[in-house]
Amino acid sequence: MRSTIADARDEPAEPTGARRNQDLDSPETTIARAALLRRRAYLRRLYARWYRWIAARLPPVEGEVLEIGSGGGFIAEAIPGTITSDVSPLPGIDRVVDARRIPFADGGLRAVVATNAIHHLPDVAAFLEECSRCLAVGGRLVAIEPWPTAWSRIVYRRLHHEPFDEARDWTLPPGGPLTAANGALPWIVLVRDRAEFLRRFPRLRIVAIEPTMPVSYLACGGIGRAWRLPGWSFDLIRSLEAPFDRLGLFARIVLERTR
Ligand SMILES: C[S@@+](CC[C@H](N)C(=O)[O-])C[C@H]1O[C@@H](n2cnc3c(N)ncnc32)[C@H](O)[C@@H]1O
């Protein structure tokens, strides 16, 4: 499967999001996004920043690192040895894994990592159960997910195609792997319903939730549009936005299995 993303790099660059009314759930959309991610210097640097942040939070315990919902990402280049996966077969991923049933032994994983994937999981409680089971003691779930802040609420409700419903329960509206989504889901579970989270997942400790990137993702149109911007402009925008991270569109999330 690995070769075809490289082949896809030669496809013409086309916007790959809802603006073109493409079928978001088709593998072709993810393959096109993978190619764009490798070709657009700005977006590539942004993802590389996410991956560096994840790498820095991996715990010092034995076991594999599994990425769920890898889509068109390139985490294994940044964190060698990471097992990439998605719910259906895609070029470039190592395994097909539905995050609701993680096919690893109890305590076998050093970390489960994800970018922009948890808010697409139709049964987030089943996923957290699996993290509780598969992570080694001291192992971590390290993720970057959409997050509600005073600024991001405006962006997600007015400019973004995905649902962002802070009043919903832990389920998703019906849809496929990309169309079913609630950008507010990680916040619902970890903040709004924290008492329920702590009751249901007593082995998972919330280590960090840090909002980040109020502007830089938006500035390039995101992975759905990925406008052509020079790579250096990401570093510039990132340094300018960093003091305003509390207004971020995303949160960097770390949970740890304690026992
Ligand atoms: C928005 S994409 C993110 C892709 C990539 N991680 C990135 O940051 O560009 C969400 C991914 O979650 C995957 N996904 C949806 N439901 C899933 C499930 N039940 N188990 C594992 N992955 C799932 C989708 O197939 C999709 O690739």
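The numbering used here puts the last residue of the sequence shown at 261; the count rises by one with no breaks. Cβ coordinates follow ideal geometry from the N, Cα and C atoms, glycine included.
Shorter than 7 Å, the distance from the beta carbon of residue i to the closest heavy atom of ligand 1, or not?
i: residue 214; result: no
i: residue 25; result: no
i: residue 218; result: no
i: residue 28; result: no
i: residue 173; result: no
i: residue 254; result: no
i: residue 241; result: no
i: residue 177; result: no
i: residue 84; result: no
i: residue 123; result: yes
i: residue 180; result: yes
i: residue 100; result: yes
i: residue 115; result: no
i: residue 89; result: yes
i: residue 225; result: yes
i: residue 118; result: yes
i: residue 260; result: no
i: residue 262; result: Because the chain here runs from 3 to 261, residue 262 falls outside it and cannot be looked at.
Please state the DSSP three-state secondary structure of residue i.
i: residue 87; result: strand
i: residue 68; result: strand
i: residue 131; result: helix
i: residue 256; result: strand
i: residue 95; result: coil
i: residue 143; result: strand
i: residue 104; result: coil
i: residue 157; result: helix
i: residue 138; result: strand
i: residue 238; result: helix
i: residue 251; result: coil
i: residue 113; result: strand
i: residue 21; result: Its pLDDT being 42, under 50, residue 21 is placed unreliably by the model, and nothing is read from it.
i: residue 232; result: coil
i: residue 119; result: coil
i: residue 261; result: coil
i: residue 245; result: helix
Which residues in the same chain have their Cβ closer than 6 Å to the Cβ of residue i, if we skip the five residues on either side of it in sequence?
i: residue 116; result: 70, 71 and 145
i: residue 231; result: 44 and 222
i: residue 23; result: In this predicted model, residue 23 has a pLDDT of only 37, less than 50, meaning its place in the structure is not dependable; the value taken from the coordinates is given anyway. So the list is empty, once near-sequence residues are dropped.
i: residue 57; result: 81
Given a threshold of 16 other Cβ atoms within 10 Å of its Cβ, counted over all protein chains shown, does residue i qualify as buried or as exposed?
i: residue 139; result: exposed
i: residue 248; result: exposed
i: residue 98; result: exposed
i: residue 48; result: buried
i: residue 52; result: buried
i: residue 196; result: exposed
i: residue 108; result: exposed
i: residue 213; result: buried
i: residue 130; result: buried
i: residue 143; result: buried
i: residue 87; result: buried
i: residue 259; result: buried
i: residue 25; result: exposed
Taking CB distances under 8 Å as the criterion, tell me whether residue i reaches chain C.
i: residue 152; result: Reference to chain C is not applicable here, since this structure consists of a single protein chain.
With a CB to CB cut of under 7 Å and the five nearest residues on each side skipped, what residues in its chain are close to residue i?
i: residue 179; result: 27, 89, 90 and 122
i: residue 59; result: 142, 144 and 256
In chain order, what residues of the same chain have a beta carbon less than 8 Å from the beta carbon of residue i, not counting five sequence neighbours either side?
i: residue 194; result: 168
Which whole runs of the beta strand (DSSP E) in the stretch 27-84 are 3 residues long or more, in chain order?
66-69
My parser needs the alpha helix (DSSP H) runs of 4 or more residues fully inside the stretch 142-224; what are they?
152-160, 196-202 and 218-221
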